[in-house]
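Enquirer: Take 297 as the starting number for the sequence shown in my numbering and just add one per residue.
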Amino acid sequence: MDPRVFVVATEEQQYVYSAFSDFLASRFRSSQGDPRLCDDDRLRKLTAEFEKRWLSGEISHNPADRNSKKKSRYHPRGTVLSKEIADDFLRDRDWWNLFRFKSIDDEAAETLQKYDGEGLYLTGVTQLSDAAAQSLSKFDGLALELNNLKELSASAASGLAKFRWDLFLDGLRNLTPAAAENLGKFRGYSLSLNGLRSLPDDIAASLGKLGRRRSQPTVNLNGIRTLTDVAAESLSRLRPNLELGGLRNLSVAAAFRLEEHKLIKSLTDADAKTCSDALRKFDEYNLNLSSLRSLPASIAQAIATFKGGGISLRGLKTLSPLAAKNLAKYKGNSIEFEDLNRLSPVAAENLCEFQGELNLDPDNFSEEVATIFEQNEK
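1) Using a Cβ distance threshold of 8 Å, determine whether the segment 526-540 contacts the segment 491-501, with at least three qualifying pairs required.
2) DSSP on G611, reduced to helix/strand/coil?
3) Measure the Cβ-Cβ separation of A593 and N622 and say whether it is below 8 Å.
4) Restricting to Cα atoms, I'd like to know which of E580, G542 and R589 is closest to G605.
5) Tell me the rounded alpha-carbon separation between G542 and R469.
6) Please list the terminal residues of the continuous beta strand (DSSP E) segment that includes D462.
7) When we look at the beta-carbon of D283 and count the other beta-carbons within 10 Å, is it buried (16 or more) or exposed?
8) Give the straight-line distance between the Cα atoms of S547 and L609, rounded to the nearest whole angstrom.
9) Run the proximity test for K348: is its beta-carbon closer than 7 Å to any non-hydrogen atom belonging to the ligand PLP?
10) Under 8 Å by Cβ, that's how I've got L575 and A598 pegged, so tell me the actual separation to the nearest angstrom.
11) If you scan the segment 371-430 from start to end, which runs of the alpha helix (DSSP H) of 4 or more residues do you find wholly inside it?
12) Give, in chain order, every unbroken run of the beta strand (DSSP E) that is at least 3 residues long and sits entirely within the segment 592-638.
13) Applying the criterion that 16 or more other CB atoms from any shown protein chain within 10 Å of the CB defines a buried residue, is S511 buried or exposed?
14) Measure the alpha-carbon distance for K410 versus L583 and round it to whole angstroms.
15) Does the beta-carbon of N545 have 16 or more other beta-carbons within 10 angstroms, so that it is buried, or is it exposed?
16) Just list the residues that DSSP pairs V665 with in beta bridges.
17) Which one or two residues does DSSP pair with V515 in a beta bridge?
18) Just confirm the distance between the C-beta atoms of G491 and G467, as a whole number of angstroms; I'd bet it's less than 8 Å.
19) For E670, which of helix, strand or coil comes out of DSSP?
20) Smallest Cα separation from E634: which of E380, N516, E664 and L588?
21) Given a cut-off of 8 Å on the beta-carbon distance, is the pair F650 and I631 in contact?
22) How many angstroms separate the CA atom of K458 from the CA atom of K505?
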């Protein structure tokens with residue numbers, strides 16, 4: 297059984313887990329303590345059996361049926377989610393039926409907005425009319441999930457943008473400019489667009505407008521691999537409520553703008569002004585540049601202007617005397633090294649001019665350099 301099938305609201309999760317637990321308990325009792333119960337293969341077989349019986353309706357989906365012979369109505373996969381089915385759902389709360397349909401008619405959407413549960417999980421729906429989107433946006437639960445939706449019209453986007461809580465649209469691979477413009481007016485708590493793989497500048501500009509709201513939503517764009525500097529500038533308005541966990545490549549300017557410093561693998565003299573300009577606007581307490589393996593003197597001078605409390609250079613392996621002297625001018629509380637293991641005595645002396653705490657291991661260095669650090673320990 298794919299556990300992702302059961303990404304549902306807390307109340308519904310309890311129904312499934314309870315039914316599954318009862319099923320396992322009954323099988324365990326019938327086995328009379330067979331030691332194979334602890335075997336992973338045995339557990340997989342039992343899970344597959346439960347899934348088959350659950351999907352067939354043999355095991356009831358409705359918690360109210362657990363003390364009776366009655367079972368919820370079972371609706372075949374692949375048909376339209378109609379008002380009749382929506383009415384059955386409101387009565388029986390048989391949430392499994394909602395996963396089974398590729399489209400939803402307008403009357404059904406209007407009915408489902410009355411659901412009083414925590415979330416509506418319409419993960420099978422691939423098509424959504426403008427009217428249905430308007431109706432679903434009025435649902436008063438905490439989550440509206442439409443993760444299999446492949447296209448979104450401008451009008452449908454306008455409707456869904458009125459939803460007040462967590463909106464999941466992770467099936468979308470791209471957005472039209474008009475749809476993006478309307479999603480830029482989203483009123484809810486979080487907007488998930490993890491299916492997007494690229495973000496043109498105009499789409500980024502539309503989504504970036506969400507950062508102007510007093511109550512700024514979280515925007516999830518974890519499928520994006522790279523961004524232009526222009527797109528990064530637009531999205532920077534969403535900080536700190538922006539998730540870009542899939543980013544693999546950014547320019548130095550974009551990385552600083554989005555505070556994605558882990559993506560900065562190297563810096564050259566040509567990047568010094570970019571660093572200085574970016575750090576003047578950077579107001580976080582710590583600056584993490586742990587992906588750097590080397591640090592030119594000009595870059596050391598630039599990052600020494602950082603106004604926060606700490607700098608992390610955990611990936612740095614060596615430091616020239618001039619770079620060490622420039623870095624020691626930093627006025628913060630600490631500089632952290634982890635992999636640093638090659639320093640000349642002059643570089644060590646220069647680094648010890650730093651007035652804060654140097655977090656490094658003297659045992660990584662030659663005896664002469666280690667002695668310098670020990671003698672200058674604060």
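Glycine is no exception: its CB is placed at the ideal position from the N, C-alpha and C atoms.
Expert: Taking the definition as stated:
1) yes
2) coil
3) Yes, the pair counts as a contact, with Cβ atoms nearer than the cut-off.
4) Comparing Cα-Cα distances from G605 to each of E580, G542 and R589, the minimum goes to E580.
5) 14 Å
6) That run of the beta strand (DSSP E) goes D462 to F464.
7) With the chain represented from 297 up to 674, any question about residue 283 goes unanswered, as that position is not in the structure.
8) 19 Å
9) Ligands displayed in this structure: none; no statement on the ligand PLP is therefore possible.
10) 7 Å
11) 379-388 and 402-408
12) For the beta strand (DSSP E) assignment, the uninterrupted runs of no fewer than 3 residues enclosed by the segment 592-638 are, from N- to C-terminal side, 606-609 and 630-633.
13) exposed
14) 48 Å
15) N545 is classed as exposed because its beta carbon has fewer than 16 other beta carbons within 10 Å across all chains shown.
16) Answer is none; V665 lacks a bridge partner.
17) L487 and L538
18) Confirmed, Cβ separation roughly 5 Å.
19) E670: helix per DSSP, three-state reduction.
20) L588
21) yes
22) 15 Å
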